[in-house]
Every structure is written in structure tokens, then in C-alpha cells.
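In what follows, a structure is listed as C-alpha cells, so that the remarks can point back to it.
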Amino acid sequence: MTDHVRVRFAPSPTGMLHIGGLRTALFNYLFAKHHKGSFILRIEDTDQARYVAGAEADITTSLKWAGLDVDEGPEKGGSYGPYRQSERSDIYAKYAAQLVDSGHAYYAFDTSEEIDDMRNRLQSPANPTPKYDSVTRLEMKNSLTLPEEEVKKRLDSGEPFIIRLLVPDGETIRFDDLIRGTVSFESTGLDDQVLLKSDGLPTYHLANVVDDHLMEISHVIRGEEWLSSAPKHILLYRYLGWEPPAMAHLPLIMSPKGGKLSKRNAEELGIPINVRDYIRDRYEPDAVVNFLAYLGWSTGDDREILTLSELTGEFSLDRVSKSGAIFDLKKLQWYNEHYLRARPVQDLVPEVRTIAEDAGYTGFSDDYLAVVIRLMIERAGRLPDVVAQGHFFFRSPESYDDQAMKKAWKENTGELVSEFREAINALSGEGYNAVEIKAQLSSVIEKHGVGFGKLMLPVRLAVTGEGSGPDLFETMVLLGRDEVIARLDAAVGGLN
RNA sequence: GCCGCGUUCGUCUAGAGGCCUAGGACGUCGCCCUUUCACGGCGGUAGCACGGGUUCGAAUCCCGUACGCGGUACCA
771 MTDHVRVRFA PSPTGMLHIG GLRTALFNYL FAKHHKGSFI LRIEDTDQAR
821 YVAGAEADIT TSLKWAGLDV DEGPEKGGSY GPYRQSERSD IYAKYAAQLV
871 DSGHAYYAFD TSEEIDDMRN RLQSPANPTP KYDSVTRLEM KNSLTLPEEE
921 VKKRLDSGEP FIIRLLVPDG ETIRFDDLIR GTVSFESTGL DDQVLLKSDG
971 LPTYHLANVV DDHLMEISHV IRGEEWLSSA PKHILLYRYL GWEPPAMAHL
1021 PLIMSPKGGK LSKRNAEELG IPINVRDYIR DRYEPDAVVN FLAYLGWSTG
1071 DDREILTLSE LTGEFSLDRV SKSGAIFDLK KLQWYNEHYL RARPVQDLVP
1121 EVRTIAEDAG YTGFSDDYLA VVIRLMIERA GRLPDVVAQG HFFFRSPESY
1171 DDQAMKKAWK ENTGELVSEF REAINALSGE GYNAVEIKAQ LSSVIEKHGV
1221 GFGKLMLPVR LAVTGEGSGP DLFETMVLLG RDEVIARLDA AVGGLN
């Protein structure tokens, strides 16, 4: 053993990395880095049936995006590898056999039909889910009930078998959870957990205990959904003669609808469920990280905005709360806006160029895009909003906002706009600037004795198609005189 | 059903017996700024699940109830 902090994030490659999985990874990372320890990625691919190609790559990409650098893992390597459980199957089989030898586990030959039969037979309102446990195992086909000869014969003949944990009866299993304090379970309530499946691969329970020990994991930090199986793990450590790592079970992230955040109850609320969706939607990784860190944790003072490295400095498990946290998309948006506005415009230019090009808007200079960003960033929730809400910087309006039109476009509006058009048409070169354009607009409205809005809003509509938006005069300067005049003409011609 | 965990504003949380007339943030509402919208600034709204204890004193400790969540697979 070592006093060096070593934690692992151990996802199963059964799908794209879930946002809750990223939070678990984040808490592990923060804890490790706070203690100058190691953050290890281990791929728990022991379920061949649910394996999804590409899932591991997605996990790696997602962690990288969030800035969670892995110290050891399948790609990175390390001296405790391999880091994919599918590449370690011989190890688990060995320990499973050892447990059988020491009398803490046993062979079982029941087919899944036979187990179903047992459950169906014993099922009742009082016992809706009968377990394979200290009472039922006595009537099943296993090395506890079958004669030794018979067991040997079955094993030798290559008959499929599994290995189950022999859970003791009438024992209280206690352990200290770093977040919840002492947690205790009665062993009588536990079932004889399958350790080794008939395909020769271990279940999560065996694999995770063996690997956490072999990889010298000092702290197991995982979601609360694992709390119920922790006593089985404690038993395994004991039977294998190992010191269990410290444990911390994180509160779950919940859907606003209730229940754990899942694809179904999140996406219908507009909450992206996979990390790759946040990448696709161009959320700021700092924002997502900051938001996730505060789902079940806080500094204790009034600070809310902390970068990954600041979080690392502050993090401690004893400040993690016990109860589930509801995912609040509005708060994430607030974080995102904050981090977005903090970014230098120049850094944003290439990204906005990509977004614009994806929308079919090409041929704009860096300088042009920089001004668009400067004008739009204050009202953007996410970076793509700069292009979506600032569409008029990239093409002429294709339609005009109905509500604003109704309010703004009256009988004499066309004349006012035309007069303004002539006024700015007369401006040339240096003269065409925000101050001068505004002065021309003022002079037109004064001449007609009308308010600012009488001309302002129609011009905005003609130029942008929208009833609201960034500073109109700066917008007109960026667009250029000729373009603006063309748009004014199009509007006056089309709407009168 | 059984086992486990949990319960402070709508949401994330601060609070580890008197500092609490319960603090902050998001949201929401109002006001200000302003060419619109947004940003920003200022202000308001709203909460200790319930019932018993313990104590001079409880959001904080204990018990119970209710509710929520998780688990109950040869899935993780």
C-alpha cells in the first residue's frame, strides 16, 4: 500500500458518456489533484452483450474536452495496466477460484430458466423479488448442494458454471462512507452475488474489488447507486484478505421531473444527456465543469465562479452534500454566458467562422467576424447564438418580424425611411460612421416632428429583419453603406 | 414488499445548539441605464417536510411519521 492518493473513474463502455458520469469523473479528478494524487481511467467492459463500439473513444474525448487529464489509462498506459477489464479476465478467474477454495464462494450450475422458476415459485406480494440467498441456495444446483463427485464431473465435462459469493447469514456489515458517515447493512438481506459469469468474465462486483486492490486505489468515489452493493464489496475485501479503500458515495443528479437523470426524462426537457451533446452545442467546458462541481458540492463561502484549477484547490469530500441535486439548465446557461463573455474575441473568431460556414455563410474576414462577435456576444447564451441571432450580418433579411412590423410600419413609414436612405447615401468614406448616421436619423425625425422610434424601428427592421438587436448604427457601419441602402430599398419596395 | 440513503426559498446551496429577524447564487418580479433587445446596476419575492422529545435555548442532537431517491440481474 501507499499513502499516495489514487482514484479511478471506471465507466462502462455501454453508451456515450453521460453527463452524470462526467460529474463522477470530475469529483474523482478534483479529489486526486487536490491531494497531488493520480487520476486513473479504467474501462469496465465486462458485459459483452451491452458493449458499444466507439463508447470508449467517446469517454476519452469527453474527459479531454472537460480538461480532466488522465494519469493512467488505456491510452496513456501506466504501471498498473492493462486498464481494460476485458484484457484482465485471467486475473479475476484466479481470485474467484481462490474464493471458492477458501470457502467463501461456490460453483452454481443453475440455468437462467431454473432461476426464473425459483423466482416465480417463491414470488408473492410479501416477497416480490426472491433472491438467490442463504435459504434458496439450498434447493438450487450448486457445489453446496451437489455431491462433490457430481460437482467435479460437471466441471470436468465443461458444463457452464458461475461462481457466487457465499454471503454469511446474520451478520452486520458496517463501513465508513466519507460522505455519509457510518453505513450498515444486515448480511441476511444480501443475495449470493454472481462473481464470475458463465462466459468466464467477472461481474462488476468482483472486477472492481480486484482491480481497485491491484491498482492500489486509495479512495473509491462513485455514484450513490452503488451504495447498496458496497457491503458485498466489503465482504470480498475481507475474504480476499485485503484492506478496503476508503469509500465515498456521491449524491445522484436528478431530473427536474424527479428520478435519476436519464435519457427519457431529461431530453424531453431540453437537457442534453450525453457529454458529446454539450460539445456539439458548444457549451464552454469551463462552464459545464463549474456547474457540475456545484451539483452536490460548494466551497462554503459565497463564491460560485471557479475554474477547474481553482476548484482543484478548494475541493474536499467533506463538503459534498448527501442529497440528490436536480439538474438546472437555467443555471448552466448562466454559467455558460459568464464564461463565454470572459473569452477574448480573437479566440472566438475561428470558432465563429466554423459555425458560420456550417450555416453556409462564407467569405467573411476575421476583422468582420470580430466585430460581429463584439456586437452579439452580450446576448448570446452559447456561441452558435452569435451566428443564429446575428444572421443579418451574413445575409439580407429573408423575412421581417411580424409583431414588430405591425407596431412599426405605418402608412408614412416608407417616406421617412426613403428620406433617411437619401441622407446616408450622401455620406461617403469616412463620413459613413455611427455618429454621423445617428445624426442623419435625428435630423429626419426632427424635420417631421416624430419620435425616435418612428424611424429607428423601421430602419432596424429593414436592415436586420428583427425588432430588436445590437446597436443599430454600429450594425449599419459594419454592413457598409451600399448593403444598407440595398436593404432599405428592398424593404421600402417590398412593403409599400 | 424488503434493504439502504436522503429531506433548508421553484432550483443549487451556506448553516456542524445561541452569531439565524436563516445568508449567497440561478430563476422570477420591479426599478434604473438605454435607439430596441440584451448586458450591467439596485431592490423585492420565496424556505428549515410533519410530530414528539433532549436542552435555559434546535434548521442544527435523538425518536417516529410522511415523502423522495437508489438497490433488489450471469448490467454496470
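My numbering numbers the first residue of the first sequence as 771 and each following residue consecutively.
Ideal Cβ placement from N, Cα and C applies to all residues, glycine included.
Predicted, not measured: the structure shown is a model, and the values here were computed from it.
C-beta contact flag for residue i and residue j at 9 Å
i	j	result
Ser957	Thr973	no
Asp947	Ala836	no
Glu1244	Val1141	yes
Arg812	Arg854	yes
Leu971	Thr816	yes
Ala754	Glu1107	As displayed, the chain neither begins before 771 nor continues past 1266, which places residue 754 out of reach and without an answer.
Leu936	Tyr862	no
Phe1097	Ser1025	yes
Arg1165	Leu1110	no
Ala1095	Ile1143	no
Val870	Ile933	yes
Ile1194	Ile1207	yes
Gly1239	Phe1162	yes
Val822	Leu833	no
Leu1031	Val1058	no
Ile789	Val1045	yes
Ala866	Leu966	yes
Gly791	Phe779	yes
Ile829	Pro783	yes
Glu842	Tyr850	yes
Gly1317	Leu1099	A query on residue 1317 cannot be resolved here, the shown segment of the chain reaching from 771 to 1266 and no further.
Chain-order list of residues whose beta-carbon lies under 6 Å from that of residue i (same chain, five-residue window excluded)
i	result
Tyr1202	Arg1251
Val1090	Ile949, Gly1066, Trp1067
Met771	Bear in mind that a pLDDT of 42 at Met771, under 50, signals an unreliable position, so the number given afterwards is only what the model happens to contain. Excluding residues within five positions, none has a Cβ falling inside 6 Å.
Ala1260	none
Lys719	Residue 719 cannot be examined here, being either before or after the span of the chain that is shown, 771 to 1266.
Trp1012	His983
Member of the options whose CA lies at the smallest distance from the CA of residue i
i	options	result
Asp1241	Arg1034, Lys1224, Ala1204, Pro852	Ala1204
Pro1014	Ser913, Glu986, Gly993	Glu986
Glu1080	Ala1063, Gly1094, Ser1093, Ala1095	Ala1063
Ser1093	Glu994, Ala1178, Leu1153	Glu994
Pro1042	Leu787, Lys1217, Pro781, Leu960	Leu787
Ser882	Gly1264, Val964, Glu1206	Val964
Tyr902	Ser1238, Ala878, Ser1025	Ala878
Asp1088	Ala1260, Leu1020, Ser872, Ile789	Leu1020
Ile885	Met910, Ala866, Gly873	Met910
Arg793	Arg992, Asp1051, Arg1034	Arg992
Ala1178	Lys1100, Asp1117, Gln1210, Val1262	Val1262
Val990	His1218, Ala1256, Pro781, Ile1255	Pro781
Ser808	Asp828, Gly848, Gly785, Gly928	Gly848
Ala827	Ala819, Pro844, Leu838, Gly1133	Pro844
Ser968	Phe955, Gly959, Glu929, Leu997	Glu929
Ala1129	Glu857, Tyr1138, Gly1160, Leu1118	Gly1160
His774	Ser998, Arg1034, Val1156, His805	His805
Thr1183	Phe1085, Val1220, Gly873, Ser998	Val1220
Gly785	Gln818, Pro1167, Asp1056	Gln818
Ala1126	Val1156, Gln1210, Gly1029, Trp1104	Val1156
Pro1001	Gly1040, Lys1176, Asn1035, Gly959	Gly959
Lys1176	Lys1224, Pro1167, Val1247, Tyr1053	Lys1224
Tyr1053	Leu1211, Lys1217, Glu1121	Glu1121
7 Å Cβ shell around residue i - same chain, five flanking residues per side excluded
i	result
Pro900	Met888, Arg889, Leu892, Gln893, Thr906
Ala977	Glu814, Thr816, Gln855, Tyr862
Asp962	Tyr902, Asp903, Arg907, Arg934, Leu935, Leu936, Val937
Phe797	Ile991, Leu1020
Ala795	Phe779, Leu833, Leu838
His1218	Leu1186
Contacting residues, own chain, Cβ-Cβ under 8 Å from residue i (five flanking each side not counted)
i	result
Thr952	Arg944, Phe945, Asp946
Glu1185	none
Ala1297	Since the first and last residues shown for the chain are 771 and 1266, residue 1297 lies out of range.
**Study point:** Runs of alpha helix (DSSP H) wholly within the region 1148-1226 (minimum 4 residues, chain order)
**Key:** DSSP runs (the alpha helix (DSSP H)) wholly in the region 1148-1226: 1154-1158, 1172-1178, 1183-1195, 1204-1218.
Review point. Counting pairs of Cβ atoms below 8 Å between the region 1171-1181 and the region 1224-1238, do you hit three or more?
Key: Short answer: they touch.
Check your understanding: Counting Cβ pairs, one atom from each stretch, are 3 or more of them under 8 Å apart for the region 1070-1080 and the region 992-1011?
Key -> Flag = no, the region 1070-1080 and the region 992-1011 do not touch.
Check your understanding: At a cut of 8 Å, does the region 1218-1229 reach the region 1185-1194 through at least three beta carbon pairs?
Key -> Contact between the region 1218-1229 and the region 1185-1194 is present: 3 or more CB-CB pairs across the two stretches fall below 8 Å.
Review point. What are the complete beta strand (DSSP E) segments, minimum 3 residues, inside the region 896-974?
Key: Segments of the beta strand (DSSP E) lying fully in the region 896-974: 932-935, 942-947, 951-956, 964-966.
Point to revise | Runs of alpha helix (DSSP H) lying entirely within the region 1017-1082, each at least 4 residues, in chain order | key: Listed in chain order, the complete alpha helix (DSSP H) runs (minimum 4 residues) inside the region 1017-1082 are 1033-1037, 1045-1050, 1055-1063.
Review point. What are the uninterrupted segments assigned as beta strand (DSSP E) that are 3 or more residues long and contained completely in the region 1080-1150, given in chain order?
Key: Complete beta strand (DSSP E) runs here, min 3: none at all.
Practice item. Could I get the ranges of all uninterrupted alpha helix (DSSP H) runs contained in the region 785-811, with 4 residues as the minimum, in chain order? Key: You should have 789-804.
Practice item. Run through the region 850-883 for me and flag every whole beta strand (DSSP E) of 3 or more residues, listed as ranges in chain order. Key: Taking only runs of at least 3 residues, the beta strand (DSSP E) segments lying wholly in the region 850-883 are 875-878.
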